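J.:
Residue numbers (this note's numbering): 271 to 735.
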């Protein structure tokens, strides 16, 4: 691995796991960190200060217009048709960026029955159990020294067959949407999904599993009507990407990024990503310029939970940069696998399955594989950027369309969109190995030109029929 032996003596200058956990806990302590919230504004300023104290150059807050969603309350009422005096009321969470309403009322219709036009669409939702054998079919490599992947089934925080069914309901003429979280393994209505910041034209609400079961029972007993009330604001406001640079030994660039916002106070999503980027900044700043293989740009983006607004704004603001980029690396979600015990989400001692979206250049794939093995980053899949979708399932997804080589890490633990994403869910024991593994990959790009690791991007037109 070119360049690493000379750099390894500096690794003790990188932050310890204890230091990184202190950063994570400090960020989490600020409160809910959605874009535009005070906690996220604090995080922007704090991260910029950390960049400056580390010795990064040209540290700046780059402004961007961001769609901000502030929910206040949401409720759903249901009653048997013709008997409004038997109304039952449930509190829930409005689907982000759905239309607020003082009261949208109508007949209830199950989505599985197929006809929702003019009605409030009601649907049960669960989290998908994903056998790792299915991921293996899409992977280009793995590091699984325990040999657990053939039998491991991961609970992901999506109902994959129905992930955007609320849009189908809207298209089919529904006047509102009610998602019943009856298939989640713990009791919650705090499911922060979707986060694409698309302003849907009807109101929507998530109800917890127990409340959803009650709604299901009432609907099974006869025709019902309902009403959604949703109080929220949607505004356009200025937030900031946090950017800093270090000069290197070439005229080319390596970008290291993550996002600083989250759906809740969110430790894994993505206070842990902030810590991983800061760790890279501190490690690379600790050595002479000539040992950095390329110039380095560190970016913590805003508005990931608002349609990746920060990533899109950064790309739009810096078109001149990408022809000179050797590698774009994103580091998100140092997570522990969890299980549900007596209704509580309990972290285990195992890491959550790691996805490393990697440009399919053999030299880069080999570099990533060797780096994962060197730092024993078990339960890791190496995946093409388009393994699951037209772009990587990361905050850095839109970098794919710039054509730059990518290595983007993410995990998707089941609690990621819930307030139960607390510091105990962070995989503390992997923070230093992840830092070293990422540094090994960057070091391995020494001598690379911007075109060395590039391959043509795949578009929808390239897909086989």
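From the three backbone atoms N, C-alpha and C, an ideal C-beta is built for every residue, glycine too.
Since the structure is predicted, the reported quantities are computational estimates derived from the model, not experimental observations.
Would residue 680 and residue 598 be called neighbours here (beta carbons separated by less than 7 Å)?
T.: No. Outside cutoff.
J.: What did DSSP end up calling residue 529 once you bin it into helix, strand or coil?
T.: Reduced to three states, the DSSP call for residue 529 is strand.
J.: When the Cβ atoms of the segment 454 to 468 are set against those of the segment 712 to 730, are three or more pairs found closer than 8 Å?
T.: No, they do not touch.
J.: Exposed or buried, which one is residue 671 when buried takes at least 16 other CB atoms within 10 Å?
T.: Classification of residue 671: exposed, given that the 10 Å Cβ count is below 16.
J.: Hey, how far is the Cα of residue 387 from the Cα of residue 662?
T.: Taking the straight line joining both Cα atoms gives about 34 Å.
J.: Determine the contact status of residue 645 and residue 706, defining contact as a CB-CB distance below 7 Å.
T.: Yes. Within cutoff.
J.: Decide if residue 622 is buried, meaning its Cβ has at least 16 other Cβ atoms within 10 Å, or exposed.
T.: Its Cβ being crowded by 16 or more others within 10 Å, residue 622 is buried.
J.: Out of 716, 469, 356, state which residue places its alpha-carbon closest to the alpha-carbon of residue 577.
T.: Residue 469 is the option with its Cα nearest to residue 577.
J.: So is residue 314 buried or exposed if we call it buried at 16+ other beta carbons inside 10 Å?
T.: Looking at its Cβ environment, which holds 16 or more other Cβ atoms inside 10 Å, residue 314 is buried.
J.: Cβ of residue 700 versus every heavy atom of the ligand COA: is any distance shorter than 6 Å?
T.: Of the ligands one can find in the structure shown there are none, so the ligand COA has no counterpart to examine.
J.: Do you know offhand how far residue 279's Cα is from residue 333's?
T.: The alpha-carbon atoms of residue 279 and residue 333 are separated by roughly 38 Å.
J.: Tell me where the alpha helix (DSSP H) around residue 586 begins and ends.
T.: Note, residue 586: alpha helix (DSSP H), 579 to 587.
J.: What residue range does the alpha helix (DSSP H) around residue 274 cover?
T.: 274 to 278 is the extent of the alpha helix (DSSP H) around residue 274.
J.: Closer than 8 Å by C-beta to residue 483: which residues in its own chain qualify, once you throw out the five before and the five after it? Chain order, please.
T.: Excluding positions up to five away in sequence, the list reads 450, 452.
J.: Could you tell me how far apart the beta carbons of residue 548 and residue 300 are, in whole angstroms, since I believe they sit closer than 8 Å?
T.: Not really, about 16 Å apart at Cβ, beyond 8 Å.
J.: Return helix, strand or coil for residue 501, following the three-state DSSP convention.
T.: Of the three classes helix, strand and coil, the one that applies to residue 501 here is strand, per DSSP.
J.: Excluding the 5 residues preceding and the 5 following residue 528 in the sequence, name in chain order all residues of the same chain whose CB lies nearer than 7 Å to its CB.
T.: For residue 528, where only same-chain residues beyond five positions count, the Cβ hits under 7 Å are 540, 543, 544, 546, 547, 570, 600, 601, 602, 665.
J.: Excluding the 5 residues flanking residue 658 on each side, which residues of the same chain have their C-beta closer than 8 Å to its C-beta?
T.: Contacts found: 408.
J.: Report back the beta-carbon spacing between residue 426 and residue 397 to the nearest angstrom; my notes put them in contact at under 8 Å.
T.: That pair is a contact at about 6 Å.
J.: Would you kindly work out how many angstroms separate the C-alpha atoms of residue 285 and residue 430, rounded to a whole number?
T.: Cα-Cα distance, rounded: 37 Å.
J.: Please classify residue 734 as buried or exposed, where buried requires at least 16 neighbouring CB atoms within 10 angstroms.
T.: Since pLDDT at residue 734 reaches only 41, below the 50 mark, its modelled position is unreliable, and the value read off the structure follows with that caveat. Classification for residue 734: exposed.
J.: Below 8 Å, how does it come out for the segment 496 to 514 and the segment 360 to 379: are there three or more Cβ pairs, yes or no?
T.: Yes, the segment 496 to 514 touches the segment 360 to 379.
J.: Using the Cα positions of residue 446 and residue 380, report the straight-line distance between them to the nearest angstrom.
T.: The straight-line gap from Cα to Cα measures roughly 12 Å.
J.: Find the nearest neighbour of residue 474 within the set 710, 489, 440, 485, judged by alpha-carbon distance.
T.: Nearest option by C-alpha distance: 440.
J.: I'd like to check one pair, residue 567 with residue 523: are the Cβ atoms closer than 7 Å?
T.: In this structure, residue 567 lies closer than 7 Å to residue 523 by Cβ.
J.: Between the C-alpha atoms of residue 479 and residue 487, what's the straight-line distance to the nearest angstrom?
T.: Distance between the alpha carbons of residue 479 and residue 487: 12 Å.
J.: Looking at the structure shown, is residue 456 part of a helix, part of a strand, or coil, going by DSSP?
T.: Three-state DSSP puts residue 456 in coil, outside helix and strand.
J.: Classify residue 310 as buried or exposed, calling it buried when 16 or more other Cβ atoms lie within 10 Å of its own Cβ.
T.: With 16 or more other Cβ atoms within 10 Å, it is buried.
J.: Apply the 10 Å Cβ neighbour rule to residue 343 and answer buried if 16 or more other Cβ atoms are within range, or exposed otherwise.
T.: It is exposed - the Cβ of residue 343 has fewer than 16 other Cβ atoms within 10 Å.
J.: Taking Cβ positions, are residue 512 and residue 564 nearer each other than 7 Å?
T.: No, these two residues do not count as a Cβ contact at 7 Å.
J.: Whole angstroms is fine: what's the gap from residue 574's alpha carbon to residue 435's?
T.: Straight-line Cα distance between these residues: approximately 22 Å.
J.: Given residue 687, which residues of its chain have a CB within under 7 Å of its CB, disregarding the five upstream and five downstream residues?
T.: Only 427, 461, 462, 463, 533 meet the Cβ criterion.
J.: Would you tell me roughly how many angstroms separate the C-alpha atoms of residue 751 and residue 305, rounded to the nearest one?
T.: Given that the chain is displayed from residue 271 to residue 735, the structure contains no residue 751 and the question cannot be resolved.
J.: Can you have a look at residue 459 and say buried or exposed, based on whether 16 or more other CB atoms are within 10 angstroms of its CB?
T.: Buried, since its Cβ has 16 or more Cβ neighbours within 10 Å.
J.: Applying the criterion that 16 or more other CB atoms from any shown protein chain within 10 Å of the CB defines a buried residue, is residue 288 buried or exposed?
T.: Looking at its Cβ environment, which holds fewer than 16 other Cβ atoms inside 10 Å, residue 288 is exposed.
J.: Going by other Cβ atoms of all chains shown within 10 Å of its Cβ, with 16 needed for buried, is residue 618 buried or exposed?
T.: It is exposed - the Cβ of residue 618 has fewer than 16 other Cβ atoms within 10 Å.
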